[in-house]
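Enquirer:
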Amino acid sequence: MYKQDRGGLHMARYGIYCLSLWICLSAPMKASSHLFRLFGGSSPCQGTVQIRSQDAWLPVCNGSWSNNLTAVLCRDLRCGKPEAQTGSLQTQPVNQTFLTLTCSDNDSLKNCKISPMESDCSEPVSVYCTGSYDLRLTDGVSRCSGRVEVFLDGVWGSVCDDGWDALDAHVTCQQLGCGSALQALGASHFGPGPSTIHWEDVKCNGTERHLWDCPSSTRHDCTDREHAGVICTEDKAFRVSDGPHNCSGRIEVLMDGAWGTVCDSQWFEEDFQMFCKLLGCGPYVRKTIYNHSLSTYMGIICKNTASLLDCRVYHKNNNICQQAGALGVICGSFYNTEKEAGQAVSPVNPGFPLLAMMICVTMAALLLVAVITFSLVIWRMKRLQSN
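Numbering (full-length UniProt numbering), first residue to last: 1 to 387.
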């Protein structure tokens, strides 16, 4: 009787599980909670459109797909743009479950609802993209300035400066998370760059998410003196100058395309530590003071920041700078390997190692005394017991 009741309990549990699984598969779900992929092609950028549902990848039926969704999928997979189909894909297994998409906005897959196909599907969706895209700025002073280069068809190439303007530069900066465009540059401002030139006559309207969403031409007559470049508002860099070494000198900051000095105010030891670490120059030793010899100066305030790149910058703010001089620094890598003019090299804190050694010797002596005392006590107790 007990076994029969337990078997009935198991059957009830399995019934609840199957009912829950059927509800999950049959209820419409948002596409944003699923993963898309292209499967069965010669590269990850071509193949049958599949969506991960539960623990399986299921194909999408062709009847619920549109050309706009093809462009969106290629973009979201970082596979460039759609191209004409070439070749054939593997056929789907018999009795394959298909999914259907219902989209309220053909410019995004996030607003699509996914449901199992209730009737037979003639064929799955096949998508072919041009290939993966990527974007970078090279040969600038930071990642937010430099020559515009695009990764296309496995090759890094530049963009011709024909038609390159502020809107194109703005989309580039926005895509890279570098703020807005400060300058749109041409004439190979950052050097000649790669021999491959992918695009010319880029025509962005300023609202595109990616540079490759903008109309452009792949035909060009450009030379290595016509590469496009950009300087973004988040182009920020640090350096030292007028010192005997790369890790010693006056602190200078690049902001909005111009180098400026830093006022000797609102900087604390932890800020100097971050600066020396940012330059890869070891620990902070001490600060020095210089004159403001550049055209601009700024106050930099760092509060609860892990990097100098996150600090607030105030251009020519007299309330912060007042009559302060220009900050300089000496970092450990210089201090331990080079001599300052007229000074001998000495340890950063000569007292600390000696103090630590004295403490260790004292503790060792106390431990030795304790061991000897304990041994004598044990020996005396054994002697008394034997008597």
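C-beta: ideal position from N, C-alpha, C; glycine also. Just so we're clear, the structure is a prediction, and the values are computed from it rather than from any experiment.
By Cβ distance below 6 Å, which residues in the same chain neighbour residue 79 in space, the five residues on each side in sequence not counted?
Expert: Your numbering for residue 79 matches position 79 in the sequence shown. Correct list, in chain order: 45, 129, 132.
Enquirer: Apart from the five residues on each side of it in sequence, which residues of its chain come closer than 6 Å, Cβ to Cβ, to residue 274?
Expert: Here residue 274 refers to the residue found at position 274 when the sequence shown is read from its first residue. Answer for residue 274: 308, listed in chain order.
Enquirer: Should the region 225-241 be regarded as contacting the region 171-191, the criterion being three or more beta carbon pairs within less than 8 Å?
Expert: Three or more Cβ pairs closer than 8 Å define a contact, and the region 225-241 meets that threshold against the region 171-191.
Enquirer: List the DSSP bridge partners of residue 134.
Expert: If you number the sequence shown from 1, residue 134 lands on position 134. Residue 134 is bridged to 151.
Enquirer: According to DSSP, is residue 396 helix, strand or coil?
Expert: Any property of residue 396 remains undetermined from this structure, which presents the chain solely from 1 to 387.
Enquirer: Does the distance from the C-beta atom of residue 72 to that of residue 60 stay below 7 Å?
Expert: Position 72 of the sequence shown, counting from 1, holds the residue named residue 72. Position 60 of the sequence shown, counting from 1, holds the residue named residue 60. The answer is no: Cβ separation not under 7 Å.
Enquirer: Label residue 289 either buried or exposed according to how many other C-beta atoms from any shown protein chain fall within 10 Å of its C-beta, with 16 as the threshold for buried.
Expert: Here residue 289 refers to the residue found at position 289 of the sequence shown. Flag for residue 289 reads exposed.
Enquirer: Starting from residue 169, follow the alpha helix (DSSP H) in both directions and report where the run begins and ends.
Expert: Within the sequence shown, numbered from 1, the residue matching residue 169 stands at position 169. Note, residue 169: alpha helix (DSSP H), 166-175.
Enquirer: State buried or exposed for residue 124, treating a residue as buried only when at least 16 other CB atoms are found within 10 Å of its CB.
Expert: Start at 1 with the first residue of the sequence shown, and residue 124 comes out as number 124. When all chains shown are included, residue 124 counts as buried.
Enquirer: When the distance is taken between beta carbons, is residue 204 closer than 7 Å to residue 171?
Expert: On the sequence shown, residue 171 is found 171 positions in, with the first residue counted as 1. On the sequence shown, residue 204 is found 204 positions in, with the first residue counted as 1. Going by C-beta atoms, residue 171 is nearer than 7 Å to residue 204.
Enquirer: Relative to the C-alpha of residue 138, which residue among 121, 152, 158, 120 is closest?
Expert: Here residue 138 is taken as the residue at index 138 of the sequence shown, counted from 1. Of 121, 152, 158, 120, the residue nearest in Cα terms is 158.
Enquirer: Using 10 angstroms around the beta-carbon of residue 260, count the other beta-carbons present and answer buried if the total reaches 16, otherwise exposed.
Expert: Translated into the one-based positions of the sequence shown, residue 260 becomes position 260. That one is buried.
Enquirer: For residue 321, collect the residues of the same chain with a Cβ closer than 7 Å to its Cβ; drop the 5 residues on either side in sequence, then sort them by chain order.
Expert: One-based indexing of the sequence shown puts residue 321 at position 321. Same-chain partners within the cutoff: 263, 265, 297, 299.
Enquirer: So what does DSSP say about residue 76, is it helix, strand or coil?
Expert: Start at 1 with the first residue of the sequence shown, and residue 76 comes out as number 76. In this structure, residue 76 counts as helix in the three-state DSSP scheme.
Enquirer: Since residue 240 contacts residue 247 with CB under 8 Å, what's their CB separation in whole angstroms?
Expert: Your numbering for residue 240 matches position 240 in the sequence shown. Your numbering for residue 247 matches position 247 in the sequence shown. Between residue 247 and residue 240 the Cβ distance is about 7 Å, and since that is below 8 Å, they are a contact.
Enquirer: How big is the Cα-Cα spacing for residue 104 and residue 112?
Expert: In the sequence shown, counting from the first residue as 1, residue 104 sits at position 104. In the sequence shown, counting from the first residue as 1, residue 112 sits at position 112. Straight-line Cα distance between these residues: approximately 6 Å.
Enquirer: Taking only three categories from DSSP, how would you classify residue 277?
Expert: As a position in the sequence shown, residue 277 is number 277, starting the count at 1. In the structure shown, residue 277 sits in a helix (DSSP, three-state: H, G or I).
Enquirer: Let me know the secondary structure DSSP gives residue 65 once reduced to three states.
Expert: As a first step, residue 65 is located in the sequence shown; it is residue number 65 there, counting from the start. Correct three-state label for residue 65: coil.
Enquirer: Using the rule of at least 16 other Cβ atoms within 10 Å of the residue's Cβ for burial, across every protein chain shown, is residue 98 buried or exposed?
Expert: To locate residue 98, count along the sequence shown from 1; it is residue 98. Per the 10 Å Cβ criterion, buried.
Enquirer: Per DSSP, what kind of secondary structure is residue 117 in: helix, strand or coil?
Expert: Numbered from its first residue, the sequence shown carries residue 117 at position 117. Coil.
Enquirer: How would you label residue 164, buried or exposed, when you count the other beta carbons within 10 angstroms and need 16 or more for buried?
Expert: Taking the first residue of the sequence shown as position 1, residue 164 is located at position 164. Residue 164 should be labelled buried.
Enquirer: Residue 115 to residue 64, Cα distance in whole Å?
Expert: In the sequence shown, residue 115 corresponds to position 115, counting from 1. In the sequence shown, residue 64 corresponds to position 64, counting from 1. Using only the alpha carbons, I get a separation of about 11 Å.
Enquirer: Does residue 114 come within less than 7 Å of chain C when only Cβ atoms are used?
Expert: Annotation note: the requested chain C is absent from the structure, which comprises a single protein chain.
Enquirer: Quick check on residue 96: buried or exposed, where buried means 16 or more other Cβ atoms within 10 Å of its Cβ?
Expert: Indexing the sequence shown from 1 puts residue 96 at position 96. A residue is called buried once 16 or more other Cβ atoms fall within 10 Å of its Cβ, and residue 96, having fewer, is exposed.
Enquirer: Identify, in the order they occur along the chain, each residue of the same chain with its Cβ nearer than 7 Å to the Cβ of residue 119, setting aside the five sequence neighbours on each side.
Expert: Sequence index remark: in the sequence shown, residue 119 carries index 119 (1-based). Nothing listed; no residue qualifies.
Enquirer: So residue 251 packs on residue 285, CB below 8 Å; how close in whole Å?
Expert: Position 251 of the sequence shown, counting from 1, holds the residue named residue 251. Position 285 of the sequence shown, counting from 1, holds the residue named residue 285. 14 Å between Cβ atoms; not a contact.
Enquirer: Could you tell me which of 219, 175, 187, 220 sits nearest to residue 206, measuring between CA atoms?
Expert: Within the sequence shown, numbered from 1, the residue matching residue 206 stands at position 206. Comparing Cα-Cα distances from residue 206 to each of 219, 175, 187, 220, the minimum goes to 175.
Enquirer: Terminal residues of the continuous alpha helix (DSSP H) containing residue 232?
Expert: Translated into the one-based positions of the sequence shown, residue 232 becomes position 232. Counting along the chain, residue 232 falls outside any alpha helix (DSSP H), though it belongs to the beta strand (DSSP E) covering 229-232.
Enquirer: Which one of 192, 257, 43, 177 has the shortest CA to CA distance from residue 295?
Expert: The residue labelled residue 295 in the question sits at position 295 within the sequence shown. Of 192, 257, 43, 177, the residue nearest in Cα terms is 257.
Enquirer: If you draw a straight line from the alpha carbon of residue 215 to that of residue 43, how long is it in whole angstroms?
Expert: Locating residue 215 in the sequence shown gives position 215, where the first residue counts as 1. Locating residue 43 in the sequence shown gives position 43, where the first residue counts as 1. Their backbone Cα atoms lie some 25 Å apart in a straight line.
Enquirer: Give me, in chain order, the residues of the same chain whose beta-carbon lies closer than 6 Å to that of residue 134; leave out the 5 immediate sequence neighbours on both sides.
Expert: Counting from 1 along the sequence shown, the entry for residue 134 is found at position 134. Cβ neighbours of residue 134 within its own chain (closer than 6 Å, five residues either side excluded): 151.
Enquirer: Distance check for residue 141 and residue 212, CA to CA, integer angstroms please.
Expert: Here residue 212 refers to the residue found at position 212 of the sequence shown. Here residue 141 refers to the residue found at position 141 of the sequence shown. Their Cα atoms are separated by approximately 24 Å.
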